[in-house]
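Structure record follows, encoded as structure tokens.
Numbering (my numbering), first residue to last: 486 to 546.
Now the structure itself:
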């Protein structure tokens with residue numbers, strides 16, 4: 486497993502974790518501030534999408 490593939494997997498896992506954390510906080514009645522949820526949600530989406538895209542481009546070659 487090369488470093489690029491490992492980095493893509495780590496990005497994908499971090500993105501999933503941030504999205505799950507955001508979803509749990511939204512469903513929780515005593516959620517954090519809206520700014521924090523937006524930051525975690527946006528960063529989670531960026532990490533997840535970039536990790537998946539990196540994995541896809543590596544499998545094509």
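For every residue, glycine included, the Cβ atom is placed at its ideal position computed from N, Cα and C.
Neighbourhood of residue i by C-beta, 6 Å cutoff - its chain only, sequence neighbours within 5 removed
i: residue 528; result: 503
i: residue 493; result: 536, 539, 540
Pair within 8 Å by beta-carbon distance, residue i and residue j
i: residue 533; j: residue 507; result: no
i: residue 490; j: residue 523; result: no
i: residue 500; j: residue 530; result: yes
8 Å CB neighbourhood of residue i in its chain, flanking five on each side removed
i: residue 495; result: 536
3-residue-minimum beta strand (DSSP E) runs that sit fully inside the segment 495-535, ordered along the chain:
With a minimum length of 3 residues, no continuous beta strand (DSSP E) run stays inside the segment 495-535.
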